[in-house]
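Trainee:
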Amino acid sequence: MATKNAEALAAVSKKYEWGFATEVEQDFAPKGLNEDTVRYISAKKGEPEWMLDWRLKAFRKWLTMESPDWAKLNIPPIDYQDAYYYAEPKQKKTIASLDELDPEIRRTYEKLGIPIAEQEVLAGVEGARKIAVDAVFDSVSVATTFRAELKAAGVIFLSISEAIREYPELVKKWLGKVVPQHDNYFATLNSAVFSDGTFVYIPEGVRCPMELSTYFRINAENTGQFERTLIVADKGAYVSYLEGCTAPMRDENQLHAAVVELVALDDAEIKYSTVQNWYPGDENGVGGIYNFVTKRALCQGKNSKVAWTQVETGSAVTWKYPSCVLAGDGSVGEFYSVAVTNNRQQADTGTKMIHLGKNTRSTIVSKGISAGRSDNTYRGLVRVAPTAEGVRNFTQCDSLLLGDQCGAHTIPYIEVRNPSAQIEHEATTSKISEDQLFYAMSRGLDSEAAVALIVNGFAREVLQQLPMEFAVEAQKLLGISLEGSVG
Amino acid sequence: MSDAVLDLPSAREEAWRWADLGGLAAAAALAPVAAPEAEFLDLLGAKLLFVDGVLDEARSDLHRVTVGALAADDHALGRRAAGTGWSLHLDAQAVTDPVQIVHVATGRQNHVPSEIVLAEDAAAEVVETFVGAGWQNRFTRTRLGKGARLMRSVRLLQPAGFVSLREAAEIGEAASLVAVFLGAGGQGSRIDAQLTMAGDGAFVEYGGTLLTSAEQRQECAVRVNHAKPNGASRQVWRAVAADRSQVSLAAAVEVARHAQKTDGEQSLRGLLLDRTATVNLKPELEIFADDVKCAHGATVGELDQRAMFYMQSRGIPRARAEAILTRAFVADALERIGDETVRAAFEADADAWLEAALD
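Protein chains in written order, with this note's numbering: chain A, 194 to 680; chain B, 13 to 371.
(1) Once the 5 residues before and after Asp255 (chain B) are set aside, which same chain residues still bring their CB inside 7 Å of it?
(2) Nearest by alpha-carbon distance to Ser406 (chain A): which of A:Leu435, A:Thr422 and A:Gly398 is it?
(3) When you compare only the Cα positions, how much space is there between Asp371 (chain B) and Leu283 (chain B)?
(4) Mapping DSSP to helix, strand and coil, what is Thr613 (chain A)?
(5) Nearest chain A C-beta to Arg91 (chain B) closer than 9 Å, yes or no?
(6) So, do the stretch 187-194 of chain B and the stretch 53-70 of chain B have three or more beta carbon pairs nearer to each other than 8 Å?
(7) Under a CB-based cut-off of 9 Å, is Glu314 (chain B) close to chain A?
(8) Can you give the Cα-Cα distance for Lys428 (chain A) and Arg355 (chain B), rounded to whole angstroms?
(9) Within a Cβ cutoff of 8 Å, which residues of the same chain sit near Asp361 (chain B), ignoring the five residues on either side of it in sequence?
(10) Could you tell me which of B:Ala145, B:Val216, B:Lys59 and B:Glu231 sits nearest to Asp32 (chain B), measuring between CA atoms?
(11) Does the Cβ-Cβ distance between Gln629 (chain A) and Ser466 (chain A) come in under 9 Å?
(12) Write down the C-beta distance between Val265 (chain B) and Gly276 (chain B) rounded to the nearest angstrom, noting that I regard them as a contact closer than 8 Å.
(13) What's the call for Phe631 (chain A), buried or exposed, on a 16-neighbour Cβ count within 10 Å?
(14) Please state whether the Cβ-Cβ distance between Ser352 (chain A) and Asp376 (chain A) is less than 9 Å.
(15) Counting Cβ pairs closer than 8 Å, one from the stretch 599-613 of chain A and one from the stretch 570-582 of chain A, do we hit at least three?
(16) Quick check: what's the CA-CA separation for Asn586 (chain A) versus Glu127 (chain B)?
(17) Taking C-beta pairs closer than 7 Å, name the residues in chain A that Cys232 (chain B) reaches, listed in chain order.
(18) Mind pulling the alpha helix (DSSP H) runs of 4 or more residues that sit fully within the stretch 346-374 of chain A?
(19) Is DSSP giving Glu447 (chain A) helix, strand or coil here?
(20) From Met403 (chain A) to Ala356 (chain A), what distance separates their C-alpha atoms?
(21) Measure the C-alpha to C-alpha separation of Met244 (chain A) and Lys224 (chain A) and round it to an integer number of angstroms.
(22) Within the same chain, show all residues whose beta-carbon is closer than 6 Å to that of Arg161 (chain B), passing over the 5 residues directly before and after it, in chain order.
(23) Whose Cβ in chain A lies nearer than 8 Å to the Cβ of Val77 (chain B)?
(24) Should the stretch 144-163 of chain B be called in touch with the stretch 92-111 of chain B, which here means at least 3 C-beta pairs below 8 Å?
(25) Mapping DSSP to helix, strand and coil, what is Ile336 (chain B)?
(26) Within 10 angstroms of its Cβ, does Asn134 (chain A) collect 16 or more other Cβ (buried), or is it exposed?
(27) For Val371 (chain A) and Leu491 (chain A), I'd like the C-alpha separation in whole angstroms.
(28) Counting C-beta neighbours from all protein chains within 10 Å, is the total for Glu608 (chain A) 16 or more, i.e. buried, or is it exposed?
(29) Classify Gly107 (chain B): buried if its beta carbon has 16 or more other beta carbons within 10 angstroms, exposed otherwise.
(30) Taking the alpha helix (DSSP H) that Leu259 (chain B) falls in, what are its first and last residues?
(31) Please list, in chain order, the chain A residues whose beta carbon lies closer than 8 Å to that of Lys294 (chain B).
(32) From Asn569 (chain A) to Ser245 (chain B), what distance separates their C-alpha atoms?
(33) For Arg229 (chain B), count the other beta carbons within 10 Å of its own beta carbon; 16 or more makes it buried, fewer makes it exposed. Which is it?
(34) Going by CA-CA distance only, name the one from A:Asn383, A:Pro373, A:Thr422 and A:Gly369 that's closest to Phe392 (chain A).
(35) Consult DSSP for Gln668 (chain A) and reduce its assignment to one of helix, strand or coil.
(36) By DSSP, does Thr544 (chain A) sit in helix, in strand, or in coil?
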């Protein structure tokens with residue numbers, strides 16, 4: 194797409210503020226999916242033999258599997274042969290600093306409002322909070338900042354392809370341990386063709402000195418993005434990881450099947466926050482991203498803790514269940530979610546809390562907001578194994594309906610096999626209150642600002658869990674996502 | 013009917029996830045037993061005795077109930093029950109004495125359809141009891157006209173085997189359906205219901221108590237579809253599981269696009285008596301209208317230790333305190349039975365089960 198076109202798109206970007214495409218030369222794998230594609234990707238990344246074997250094993254398994262259809266989603270059949278599985282921006286060797294970054298990419302980031310410049314300023318200020326950005330432009334990490342400081346702390350923060358080369362033993366040990374290759378259709382596909390992603394290892398007793406952040410972005414037309422993230426927090430470590438996503442405007446459905454694996458050993462804590470704002474399609478549901486994500490955390494150690502926080506406003510179809518396997522005694526799982534659907538969006542999202550260890554605790558707070566002609570489903574599972582004594586779970590699912598053409602669904606599964614468990618589940622469904630709207634509007638807010646205000650109040654419990662930088666972005670997103678839903 | 017159980021859905025399907033499909037075939041394969049004594053409650057009205065799915069005319073008193081061929085529905089369980097069954101049709105304003113039906117099975121499998129059609133403002137009460145062994149499968153189609161009222165009480169008291177109930181009900185304008193189920197036998201069960209609120213302001217209360225011990229598995233899968241506005245539905249289910257048994261309660265409320273002012277309520281609660289027992293809950297909401305009130309509550313756990321402590325501090329022995337609290341837990345779901353004789357009988361059955369389980 195020519196620059197002119199990009200400008201034109203930017204001009205009409207009011208509908209989807211962040212919909213544009215950047216013209217960068219890319220390396221494509223041939224269209225379609227077969228063993229050669231898998232070999233091509235592996236070769237392109239210079240992967241060792243064991244990694245290729247691992248991919249091929251997953252691919253062969255994938256061929257025998259069927260796409261799941263139990264979710265409350267209406268997905269047209271996906272032609273897996275009609276997509277590129279690998280697209281890498283051509284780059285000048287390695288980049289030492291952000292200044293050497295492709296100016297087109299820099300501009301993309303600027304349009305996205307990613308405060309990279311601000312972060313550079315922040316980095317110079319002593320004592321200021323820092324954020325390390327491992328920018329994923331399409332599928333390959335283009336630039337990784339703050340590496341030195343992280344290295345000093347002993348933190349490994351690399352793209353997964355680099356990690357495979359530099360720390361093969363660590364990757365080998367944990368890759369596929371939390372989400373096995375054959376876990377589900379999309380996870381298996383990801384295992385075969387994952388293009389890049391992030392690897393984080395926090396050594397024993399280290400509190401990661403800054404928030405880690407990755408901006409995912411799908412850029413090339415018709416490129417499914419298959420990210421693979423693996424975060425390991427060793428004994429007593431702490432890390433907060435931020436993931437934010439926006440994508441350019443597209444007419445064709447794009448497939449995204451990521452896998453995120455988290456491992457927390459004894460007393461470790463991982464906080465994983467996501468803001469997802471991929472292109473949701475237009476008012477009639479044309480275009481938009483398919484987001485089929487498998488996210489799972491293994492609280493393997495005693496008193497470990499994993500907290501998932503997500504704000505889901507984008508994608509045409511979201512299929513995502515960030516889960517916690519609470520294996521270590523006294524481990525804690527938390528899930529805070531806001532899912533907003535508008536127009537023809539469909540979201541089927543929720544969590545799984547698998548209690549295996551003694552005295553494990555979990556909290557689930559899910560806020561679903563549906564508008565337009567969208568469908569928003571919470572689907573969750575709380576399972577208590579016979580060995581898990583003294584388990585405590587609290588679940589709250591609230592749905593807010595804006596308009597009478599949308600749907601809000603709650604499908605919680607509760608499976609309890611130990612009598613000492615205390616499991617509570619609450620759910621409510623309501624519409625936006627006319628009184629509140631009237632009050633806000635009588636104070637001079639227009640209807641959209643009033644809705645944004647009320648919705649932000651409704652979702653406050655979850656937004657509070659986000660790191661500061663994200664909370665601001667998320668609040669803005671909620672308002673933008675619901676534009677045109679009232680009045 | 014052949015003994016083969018072939019075209020049942022697989023447990024991989026969401027709606028059958030917790031179903032004990034192997035239990036059906038196993039129940040049908042059990043060795044036959046002698047027909048147990050059929051005991052009717054001391055009520056006026058019709059008394060029907062089905063032995064292995066066939067009406068025992070000599071020992072039955074039909075009153076207004078008729079027996080004849082009935083169609084089945086296309087549900088996996090319901091469609092098996094095509095053939096001869098009983099029906100109760102009431103004209104407008106008609107009120108009848110309670111209809112009692114006892115289903116006795118000596119083994120293998122039997123399938124019986126039934127139909128309850130109440131015209132405008134008619135009222136009826138139906139009490140069903142299942143005893144014996146083998147697999148008993150029932151399909152019941154209910155149609156309630158404007159303002160009609162039906163009270164159904166069903167108790168499953170088979171010492172072994174399986175009882176599957178497929179229920180399809182249409183509740184008309186301002187009509188009311190109250191159904192209470194009690195699973196206090198040793199059989200496996202599946203109560204599979206599809207209730208449609210077909211008229212404005214319809215009311216449904218659908219619930220019960222499932223008690224399991226040993227390796228037993230009982231479940232309910234109830235779907236209430238609010239197709240019209242101003243409807244109210246309540247689902248109150250209680251589960252008590254001992255030993256290695258499993259109770260699954262799946263209750264869904266669907267609110268259609270224009271069914272505004274719907275009031276849906278679900279209360280699913282499970283009590284585990286042993287650490288090897290399982291309770292599964294799935295309180296599901298599917299809402300397409302924006303001016304509705306739907307709430308569900310679900311809890312699983314053991315008896316409240318504070319309540320236990322309080323009672324023991326008052327001199328009540330531990331076992332007795334457990335029995336009192338468990339009885340109170342179960343009673344929630346049985347208290348809607350309108351007829352005192354029926355309610356007392358159901359409570360006695362539940363008590364007998366609890367006494368054996370808490371021993």
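In this text, a Cβ means the ideal position worked out from N, Cα and C, and glycines have one as well.
Computed from a predicted structure; not experimentally measured.
Mentor: On the basis of the coordinates in this document:
(1) Locating residue 255 (chain B) in the second sequence gives position 243, counting from the first residue. Within the same chain, Asp255 (chain B) has close Cβ partners Ser225, Ala226, Asp286, Thr288 and Ala289.
(2) Translated into positions along the first sequence, residue 406 (chain A) becomes position 213. Ser406 (chain A) has its Cα closest to that of A:Leu435, out of A:Leu435, A:Thr422 and A:Gly398.
(3) Working through the second sequence from its first residue, we reach residue 371 (chain B) at position 359. Working through the second sequence from its first residue, we reach residue 283 (chain B) at position 271. Whole-angstrom Cα-Cα distance: 16 Å.
(4) Looking up residue 613 (chain A) in the first sequence gives position 420. Just to set this straight, residue 613 (chain A) is Ser in the shown sequence, not Thr. DSSP places Ser613 (chain A) in coil when its eight states are reduced to three.
(5) What you label residue 91 (chain B) is simply residue 79 of the second sequence in a count that begins at 1. It does not: the Cβ of Arg91 (chain B) has no partner Cβ on chain A nearer than 9 Å.
(6) no
(7) For the purposes of this step, residue 314 (chain B) is taken as residue 302 along the second sequence, with counting starting at 1. True, the Cβ-Cβ gap to chain A drops below 9 Å.
(8) One-based indexing of the first sequence puts residue 428 (chain A) at position 235. One-based indexing of the second sequence puts residue 355 (chain B) at position 343. Those two C-alpha atoms are separated by around 59 Å.
(9) For this step, residue 361 (chain B) is matched to residue 349 along the second sequence. So the list reads Arg167, Leu169, Leu194 and Ala196, once near-sequence residues are dropped.
(10) Taking the first residue of the second sequence as position 1, residue 32 (chain B) is located at position 20. Taking only the C-alpha atoms, the option nearest Asp32 (chain B) is B:Glu231.
(11) Within the first sequence, residue 629 (chain A) is the residue found at index 436, counting from 1. Within the first sequence, residue 466 (chain A) is the residue found at index 273, counting from 1. No; because the gap between Cβ atoms is not below 9 Å, this pair is not in contact.
(12) Indexing the second sequence from 1 puts residue 265 (chain B) at position 253. Indexing the second sequence from 1 puts residue 276 (chain B) at position 264. About 4 Å; that satisfies the 8 Å criterion.
(13) As a working note, residue 631 (chain A) is residue 438 in the first sequence. Exposed, since its Cβ has fewer than 16 Cβ neighbours within 10 Å.
(14) As a position in the first sequence, residue 352 (chain A) is number 159, starting the count at 1. As a position in the first sequence, residue 376 (chain A) is number 183, starting the count at 1. In this structure, Asp376 (chain A) does not lie closer than 9 Å to Ser352 (chain A) by Cβ.
(15) yes
(16) Start at 1 with the first residue of the first sequence, and residue 586 (chain A) comes out as number 393. Start at 1 with the first residue of the second sequence, and residue 127 (chain B) comes out as number 115. Their backbone Cα atoms lie some 43 Å apart in a straight line.
(17) Translated into positions along the second sequence, residue 232 (chain B) becomes position 220. Those within 7 Å of Cys232 (chain B) in chain A number zero; the least Cβ separation is about 14 Å.
(18) 353-359 and 361-367
(19) Position 254 of the first sequence, counting from 1, holds the residue named residue 447 (chain A). The question names Glu, yet the displayed sequence has Gln at residue 447 (chain A). Gln447 (chain A): strand per DSSP, three-state reduction.
(20) Indexing the first sequence from 1 puts residue 403 (chain A) at position 210. Indexing the first sequence from 1 puts residue 356 (chain A) at position 163. Straight-line Cα distance between these residues: approximately 20 Å.
(21) Taking the first residue of the first sequence as position 1, residue 244 (chain A) is located at position 51. Taking the first residue of the first sequence as position 1, residue 224 (chain A) is located at position 31. Each residue's Cα considered, the two are about 22 Å apart.
(22) Walking along the second sequence from the start, residue 161 (chain B) turns up at place 149. Short of 6 Å from the beta carbon of Arg161 (chain B), and not among the five residues preceding or following it, lie these beta carbons of its own chain, in chain order: Ala135 and Ser188.
(23) By 1-based counting over the second sequence, the position of residue 77 (chain B) is 65. Those within 8 Å of Val77 (chain B) in chain A number zero; the least Cβ separation is about 40 Å.
(24) yes
(25) Reading the second sequence from its first residue, position 324 is the one you call residue 336 (chain B). Three-state result, Ile336 (chain B): helix.
(26) What the structure shows of chain A is the stretch from 194 to 680, and residue 134 (chain A) is not part of that stretch, so it cannot be assessed.
(27) As a first step, residue 371 (chain A) is located in the first sequence; it is residue number 178 there, counting from the start. As a first step, residue 491 (chain A) is located in the first sequence; it is residue number 298 there, counting from the start. Between Val371 (chain A) and Leu491 (chain A), the C-alpha separation is close to 6 Å.
(28) To locate residue 608 (chain A), count along the first sequence from 1; it is residue 415. Per the 10 Å Cβ criterion, buried.
(29) By 1-based counting over the second sequence, the position of residue 107 (chain B) is 95. Gly is not the amino acid found at residue 107 (chain B); the sequence shown has Val there. It counts as exposed.
(30) Here residue 259 (chain B) is taken as the residue at index 247 of the second sequence, counted from 1. In the sequence as displayed, the identity of residue 259 (chain B) is Val instead of Leu. Looking at the DSSP string, Val259 (chain B) is not in any alpha helix (DSSP H); the run it does join, the beta strand (DSSP E), is Gln258 to Val267.
(31) Locating residue 294 (chain B) in the second sequence gives position 282, counting from the first residue. Simply Ile604, Pro605, Tyr606 and Ile607.
(32) Reading the first sequence from its first residue, position 376 is the one you call residue 569 (chain A). Reading the second sequence from its first residue, position 233 is the one you call residue 245 (chain B). Rounded to whole angstroms, Asn569 (chain A) to Ser245 (chain B) spans 23 Å at the Cα level.
(33) Residue 229 (chain B) sits at position 217 when you count from the first residue of the second sequence. Buried, since its Cβ has 16 or more Cβ neighbours within 10 Å.
(34) The residue given as residue 392 (chain A) occupies position 199 in the first sequence. Sorting A:Asn383, A:Pro373, A:Thr422 and A:Gly369 by C-alpha distance to the C-alpha of Phe392 (chain A) places A:Thr422 at the top.
(35) If you number the first sequence from 1, residue 668 (chain A) lands on position 475. It is helical.
(36) Reading the first sequence from its first residue, position 351 is the one you call residue 544 (chain A). Thr544 (chain A): coil per DSSP, three-state reduction.
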